[in-house]
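In terms of the working numbering, the sequence shown opens at residue 6 and continues consecutively.
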Amino acid sequence: MATELILDLSIIFILVGLLLLLSNYFKWPTIPFYILAGIVAGLFIETDHILELAYWGIAFLVFVFGVSIDFSKIKTVIWESEITVGLQLLVLGPISLFIGVLLGLDIVNAFYFAVAVVLSSTIIGFELKDYEKRESFVHGRLSQTIHFFDDLLAILIVLILSAEVFTAVQVGQNLLAGVLLVVTGFLIYRYLFKYMERITGGSGELLLMGSITILIIFLGASEFLGISIVVGAFAAGIAVRTDIPKSMEMINGIESIKDFFIVLFFTMLGALLSMPNTETLILTAGLLVLAGLLKPVVNTGFLVAEGYDTRTSTLTSISTDQISEFTLIIAIEGFLLGLIAPELFDAIILAAAILMIYSTYTHKYDEYIYRNIMKKIFKKPETTKTDELSNVDPGIEGHVILVGHGRLGKKVLDSCVKIGCPTVVIENDPAVRKELEEKTDNYIISDAVQPYTWEKARYREAKLIISTAADIEVTDKIMSLDTDADKIVRCREIEKSRKLLKRGALYVIIPNILSQDKVILEIQEILKEKNQG
6 MATELILDLS IIFILVGLLL LLSNYFKWPT IPFYILAGIV AGLFIETDHI
56 LELAYWGIAF LVFVFGVSID FSKIKTVIWE SEITVGLQLL VLGPISLFIG
106 VLLGLDIVNA FYFAVAVVLS STIIGFELKD YEKRESFVHG RLSQTIHFFD
156 DLLAILIVLI LSAEVFTAVQ VGQNLLAGVL LVVTGFLIYR YLFKYMERIT
206 GGSGELLLMG SITILIIFLG ASEFLGISIV VGAFAAGIAV RTDIPKSMEM
256 INGIESIKDF FIVLFFTMLG ALLSMPNTET LILTAGLLVL AGLLKPVVNT
306 GFLVAEGYDT RTSTLTSIST DQISEFTLII AIEGFLLGLI APELFDAIIL
356 AAAILMIYST YTHKYDEYIY RNIMKKIFKK PETTKTDELS NVDPGIEGHV
406 ILVGHGRLGK KVLDSCVKIG CPTVVIENDP AVRKELEEKT DNYIISDAVQ
456 PYTWEKARYR EAKLIISTAA DIEVTDKIMS LDTDADKIVR CREIEKSRKL
506 LKRGALYVII PNILSQDKVI LEIQEILKEK NQG
C-alpha cells in the first residue's frame, strides 16, 4: 500500500509540476491546471486510491480553514452571516429540492442535489493571492463567517448521513459525538491553547508540532466515536489559536502543508471526472445554474436587505458561487454506501470541477461583476450598516480624512492627534472599531469605494485626504472626488505614481522606495502646514 501511495503521489506531482510551468509562463490561474493534471493522473490511479486521497486531502483543508478562523474578528459580522446562511437554506434548499425532483431524481437523491447547491467552498479562497487582504475587509469577514456556518451545517449533514443504521438512536449518537468534538475544540481554543504556548516557550516549531498533535488526536477520536474524520479535522482546526504572540512560524508551517493538500484536492477532483452521459449533463447544468448563478444573486439580495451596500454584498456573495468540499465528502460517502445514483455523483464531481475554475475568474473580475451586473439589479443604495458602525460629527469641517488603519494608518492618525488636526478615519475592517473609538471621535466602518462613505466623511469640507491603502479601486475613487482638498494616495508602481501626480495628487506614497518613518515625516510636514493655514 505504501509503495502504491508513493507511486500515485509521484504521478500527481510530476504532472502538476509540468503543467504549472505553463500556468506560470502564461500567468493563468493554477486551479484549472491542477484539475487537468488530475484528469490525466486518473488514467493511472485506481478509483479506490483516488477516493482515499481526496478524502484525506479534504480533511486536512477543513482543518486549515478551522485554524484560519479568528473568533475575535468574525464576531462583528457573525449575526448577519448566520441570518444569510439561514435564509439561503430556507430559500435555496426547497427550490433546489424541487428542481432535483423535476429533473427525475427520487427524494433521497434530490436531497443530495440540494445539499450540493446550498453549501459553498472555503478552498477557493486559499488559492487567491490576496486572500489575507480580503480577510481584513468587511466582505472578507462576511465570507469567512458564512463559510464557517456553511461548514457547521455540512457537519450536521455528514453526521446524519454517516449513520450506519438510519435510526433515531444512531443519528442521535452521531450528533452527540460531533457536538462533543466541536465543543471540545472550542474549549481548547478558548482556555487551553494559550497554556501550550507558555509550555513551549513560544517556539514556532513546538507550536506547529502541538497543532499537528491536536489534529491527530481529534482524527483518532473521530475514528473511535465512529464518525467522519472531517468532523474531527474541523474541530481540531477550531482548537488552534493564531492570535497568540510568536505564532507566525506555526502559521507558516501549516501554510506549507496546506499547499500540498490543495494540490492533492484539486488533482483528485480532476481524477474523479468521467465521461458524462445525457442524464449527468442535465443534472450538471442544473447545479451550475443554481450554485453558480442563482446562489450569489440570492445571497447578494439577502445582504442588501440586511443593510449592507451592494458592493460589499456582491464581493461577499461571489465567494459562494461554487460547490463545497464538504459536498464532495457527503457525495463520496453516499456513493460508497449506495445511497446516491452514479449519474448524480458524476454530476456533482463535474459541476464542482467546473465551478472551482469558474470561481477563480469571478473572484478575479468581481469588481466588473459588481459594476456591470449587480449594481444594476440592486439599484437602491443601502447605508444602514455604515450608520450603525460609524460615528462622525455632522458639522465637522477643515478636517483630515484618513483611509486605512493599518500600520502606516495608525502612525498617520497618531501624527494627526499630536498636531491637533481633526480627523475622520475610514476603515473597512469592523474588527478595529473598538481601537478607533479609543483614538478618535470620528470614524467610518465602510467601503471606501462607496459614495455614501465619502458623503458621511464630509469630503467637500475636508482640507486633506490621506489614503494608506494601496487598493487601485480606492485610489481611483479618491482621485475622482470633486473637492478642493489635497490628496495623498498610495501606489506600488513608479509609473502609476507619475500618472497619479498628473491627475492632481499632492503626494504619492511608494512603500518600496520610502520607509514608513520617512513617509510619516513628510506627512507630518504637510499636516503642520495645513494646520497653520
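Yeah, the Cβ is synthetic: ideal placement off N, Cα and C, and Gly gets one too.
Residue j beta carbon less than 8 angstroms from that of residue i
| i | j | result |
| --- | --- | --- |
| residue 217 | residue 224 | no |
| residue 408 | residue 473 | yes |
| residue 490 | residue 397 | no |
| residue 197 | residue 258 | no |
| residue 74 | residue 149 | yes |
| residue 371 | residue 323 | yes |
| residue 86 | residue 154 | yes |
| residue 527 | residue 512 | yes |
| residue 26 | residue 35 | no |
| residue 480 | residue 505 | yes |
| residue 430 | residue 418 | yes |
| residue 193 | residue 244 | yes |
| residue 450 | residue 435 | yes |
| residue 39 | residue 367 | no |
| residue 44 | residue 311 | no |
Between the CA atoms of residue j and residue i - distance to the nearest angstrom
| i | j | result |
| --- | --- | --- |
| residue 164 | residue 256 | 29 angstroms |
| residue 20 | residue 391 | 49 angstroms |
| residue 270 | residue 189 | 27 angstroms |
| residue 83 | residue 147 | 8 angstroms |
| residue 202 | residue 210 | 11 angstroms |
| residue 161 | residue 485 | 49 angstroms |
| residue 227 | residue 237 | 5 angstroms |
| residue 135 | residue 369 | For residue 135, the predicted structure reports a pLDDT of 49, less than 50, and the residue's modelled location is therefore unreliable. A value from the coordinates is still provided. Answer to the nearest angstrom: the Cα atoms are 10 angstroms apart. |
| residue 534 | residue 439 | 31 angstroms |
| residue 482 | residue 470 | 12 angstroms |
| residue 137 | residue 179 | Legend: pLDDT at residue 137 = 48, less than 50; position of this residue unreliable, no value from coordinates given. |
| residue 16 | residue 220 | 27 angstroms |
| residue 523 | residue 427 | 23 angstroms |
| residue 172 | residue 342 | 16 angstroms |
| residue 284 | residue 348 | 7 angstroms |
| residue 476 | residue 494 | 10 angstroms |
| residue 389 | residue 313 | 7 angstroms |
| residue 466 | residue 107 | 59 angstroms |
| residue 31 | residue 516 | 28 angstroms |
| residue 49 | residue 176 | 38 angstroms |
Anticipated Cβ contact below 8 angstroms, residue i with residue j, distance rounded
| i | j | result |
| --- | --- | --- |
| residue 158 | residue 303 | With 8 angstroms as the limit, residue 158 and residue 303 do not qualify as a contact, their Cβ atoms being about 16 angstroms apart. |
| residue 277 | residue 59 | 7 angstroms |
| residue 152 | residue 321 | Going by Cβ atoms, the distance from residue 152 to residue 321 rounds to 10 angstroms, so no, they are not a contact pair. |
| residue 380 | residue 315 | 6 angstroms |
| residue 539 | residue 121 | The structure shown does not extend to residue 539, since the chain is modelled only from 6 through 538, so no value can be given for it. |
| residue 374 | residue 319 | 7 angstroms |
| residue 183 | residue 232 | 6 angstroms |
| residue 492 | residue 405 | Contact doesn't hold; Cβ gap of about 11 angstroms is too wide. |
| residue 57 | residue 166 | The pair is not a contact, with the Cβ atoms about 19 angstroms apart (cut-off 8 angstroms). |
| residue 383 | residue 309 | 5 angstroms |
Given residue i as reference, the closest of the options once Cα atoms are compared
| i | options | result |
| --- | --- | --- |
| residue 358 | 381, 172, 220, 126 | 126 |
| residue 66 | 242, 44, 36 | 242 |
| residue 432 | 398, 394, 420, 419 | 394 |
| residue 9 | 349, 52, 32 | 52 |
| residue 300 | 90, 268, 85, 43 | 90 |
| residue 354 | 499, 292, 48 | 292 |
| residue 68 | 26, 40, 128, 48 | 128 |
| residue 356 | 335, 328, 272, 340 | 328 |
| residue 351 | 282, 85, 318, 108 | 282 |
| residue 46 | 79, 76, 274, 63 | 274 |
| residue 307 | 28, 93, 26, 187 | 93 |
| residue 336 | 117, 297, 195 | 117 |
| residue 346 | 360, 288, 295 | 288 |
| residue 33 | 362, 465, 378 | 362 |
| residue 72 | 37, 344, 246, 429 | 246 |
| residue 252 | 272, 400, 263, 205 | 205 |
| residue 2 | 410, 421, 110 | Within the shown structure, residues of the chain are numbered from 6 to 538, placing residue 2 beyond reach of any answer. |
Where the alpha helix (DSSP H) containing residue i begins and where it ends
| i | result |
| --- | --- |
| residue 370 | Premise fails: residue 370 is in no alpha helix (DSSP H) and is neither H nor E. |
| residue 73 | 52 to 73 |
| residue 300 | 300 to 310 |
| residue 317 | 315 to 322 |
| residue 39 | 36 to 46 |
| residue 502 | 499 to 507 |
| residue 211 | 209 to 230 |
| residue 268 | 253 to 276 |
| residue 335 | 330 to 342 |
First and last residue of the uninterrupted beta strand (DSSP E) at residue i
| i | result |
| --- | --- |
| residue 245 | Per DSSP, residue 245 belongs to no beta strand (DSSP E) and is neither H nor E. |
| residue 457 | Element bounds for residue 457: not the beta strand (DSSP E) but the alpha helix (DSSP H), 456 to 461. |
| residue 566 | Look at the range of the chain in this structure, 6 to 538, and you will see that residue 566 is not part of it. |
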